[in-house]
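Peer 1: Everything in the sequence shown is counted per the working numbering, starting at 676 for the first residue and increasing by one. Virtual Cβ for every residue (Gly too), placed ideally from N, Cα, C. All values reported here derive from a predicted model rather than from experimental measurement.
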Amino acid sequence: MNLPENFKNYSDARKSGFIKMKELKESGKKVVGVFCTYTPWELVMAAKAVPVILCASSDEAIPDAEKVLPKNLCPLIKASYGFAVSDKCPYFYFSDMILAETTCDGKKKMYEMLNELKHTHVMQLPPGKTGAMALEAWHGEMYRLKDVLEEQLGVEITKEDIKEAIKLKNRERKAMLDFFEIGKLKPTPLSGYEINTVVDSSTFTFDIEERIKDIEERTVELKREYELNFKGKPSRPRVLITGCPTGGVREKVIRQIEELGADIVGFENCCGPREKKDPVDESKDPMLALAEKYLRVNCSVMSPNPGRIEAMNEMIDDYKVDGVIEVVLQACHTFAIESDRVKNFVTKEKKIPYMCLDTDYSQSDSGQINTRVSAFIEMM
Ligand code: BJ8
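1) Please tell me whether, using a cut-off of 8 Å, the distance from the CB of Tyr713 to the nearest non-hydrogen atom of the ligand BJ8 is below it.
2) Per the DSSP calculation, Thr917 is bridged to which residue(s)?
3) Going along the chain, which residues of its own chain have a beta-carbon closer than 6 Å to the beta-carbon of Val940, five neighbours each way excluded?
4) Should the region 976–984 be called in touch with the region 802–809, which here means at least 3 C-beta pairs below 8 Å?
5) Going by the C-beta, is His1008 closer than 8 Å to any heavy atom of the ligand BJ8?
6) The ligand BJ8 and Ser975: does the residue's C-beta get closer than 8 Å to at least one heavy atom of that ligand?
7) From the DSSP output, in three-state form, read off Ala1056 for me.
8) With distance defined between alpha-carbon atoms, name the residue in Cys711, Tyr685, Met720 nearest to Ile883.
9) Given that a residue counts as buried once 16 or more other Cβ atoms are within 10 Å of its Cβ, and exposed if not, what is Lys833?
10) Could you spell out where the beta strand (DSSP E) holding Val725 opens and where it closes?
11) Thr662 and Val1002 look like a contact to me (Cβ under 8 Å); what is the Cβ gap, rounded to whole Å?
12) Counting only runs of 4+ residues fully inside the region 963–1018, write out the alpha helix (DSSP H) ranges in chain order.
13) Measuring CB to CB, does Glu933 end up less than 9 Å from Tyr868?
14) Please indicate yes or no: does the CB of Glu1001 lie closer than 8 Å to some heavy atom of the ligand BJ8?
15) Is it the case that the Cβ atoms of Cys730 and Phe767 are separated by a distance below 9 Å?
16) How big is the Cα-Cα spacing for Ile870 and Met987?
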């Protein structure tokens, strides 16, 4: 049982996804382009549309974005806009509408510009989870989104459709979580590079049942691999990645850390179990359950954001972590500011080494990262 070819390499998966997407469109399917972990996929699925994560993980289209956006902006935001405006993202091209949220300032202002290219519905995410009105407002946003999807896609979304989508998405979460938790094995048979690749490339398998099956098969295979070739062997230093999403620095940072001699065993960012270990409550009213679930996402755009430290605490223990590397993308103020708290927690309370890499999507700091990561691995 091998991991499907499209899981192995992000750019191959992205390319083979184009063809599948074209076929889906020709068969009459509606497509909704999405970006963020706050996006309630279940409502898109309940509208019988295909949610697709839009391209934003390379510097290829950043020059196109910089014609209108400031250079000193997060590369993820520039890449998202650059791929769309330059028509280099076929998924943007195929999307019937875009669904986004008011997360960080840069993203929400960029979405105004994206709306000039294609209808972009922006959900108004509350700035914190604890305010008296936060849940009420976000619950209202779920209803507003339902109305927009019905109008834009010409469908009716029933309560049963939403419940069914919740069940399916929860099954996918469980499959992904079991896969991520292979990283708890010591030594781990699963590379961080593979985790990071699977998270992104599996989304190009648009049939969720097929995606679940592929991931479950890979998990079984990795468990077998551990029993046969890893169990009882010495472990390399075990690293937890935190901070901004790492899809755009997969080669420069993730691959390099492992080539230099450490194992990335887990991701406490949006490329890991962050939202997978928190399913939607199937026993509640589905719209309220969706609002509650997506408001619980631990992201630095929330103020305050104590859940992130709690999740990190658990992951450091459960994944037997020897050191934490935080990746902060250029000009990401929310993660950059939280990094001091993360550093204090990791070094003073967990008493393990911490390093922060401030980087972007270019290759210009590759040598410097190599030097710093090598020294960090020596410390673990
Ligand atoms: S839930 S991490 S996917 S917002 S890195 S664009 S915050 S300036 S990506 Fe994110 Fe959703 Fe949060 Fe996850 Fe802004 Fe920072 Fe750039 Fe960011």
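Peer 2: On the basis of the supplied data:
1) Looking up residue 713 in the sequence shown gives position 38. Under cutoff, so the answer is yes.
2) One-based indexing of the sequence shown puts residue 917 at position 242. Answer is Glu943, Glu1001.
3) Position 265 of the sequence shown, counted from the first residue, corresponds to residue 940. Gly858, Thr863, Arg913, Tyr994.
4) Yes, the region 976–984 is in contact with the region 802–809.
5) On the sequence shown, residue 1008 is found 333 positions in, with the first residue counted as 1. Relative to the ligand BJ8, the beta carbon of His1008 is positioned inside 8 Å of a heavy atom.
6) For the purposes of this step, residue 975 is identified with residue 300 of the sequence shown, where counting begins at 1. True, at least one ligand heavy atom lies under 8 Å from that Cβ.
7) Any question about residue 1056 goes unanswered here, given that the chain covers just 676 to 1055.
8) Along the sequence shown, read from residue 1 onward, the residue named residue 883 stands at position 208. Of the candidates Cys711, Tyr685, Met720, the one whose C-alpha sits nearest the C-alpha of Ile883 is Met720.
9) By 1-based counting over the sequence shown, the position of residue 833 is 158. A quick correction: the sequence has Thr, not Lys, at residue 833. Classification of Thr833: exposed, given that the 10 Å Cβ count is below 16.
10) Counting from 1 along the sequence shown, the entry for residue 725 is found at position 50. Residues 724–728.
11) Nothing in the structure corresponds to residue 662, since the chain is present only between 676 and 1055.
12) Within the region 963–1018, the complete alpha helix (DSSP H) segments of 4 residues or longer fall at 981–993, listed in chain order.
13) Start at 1 with the first residue of the sequence shown, and residue 933 comes out as number 258. Start at 1 with the first residue of the sequence shown, and residue 868 comes out as number 193. It is a contact, given that the beta carbons lie within the stated cut-off.
14) Along the sequence shown, one-based indexing puts residue 1001 at 326. Glu1001: no, Cβ never under 8 Å from the ligand BJ8.
15) By one-based count along the sequence shown, residue 730 stands at place 55. By one-based count along the sequence shown, residue 767 stands at place 92. For Cys730 and Phe767, yes; Cβs fall inside 9 Å.
16) Counted from its first residue, the sequence shown places residue 870 at position 195. Counted from its first residue, the sequence shown places residue 987 at position 312. Roughly 18 Å separates the two Cα atoms.
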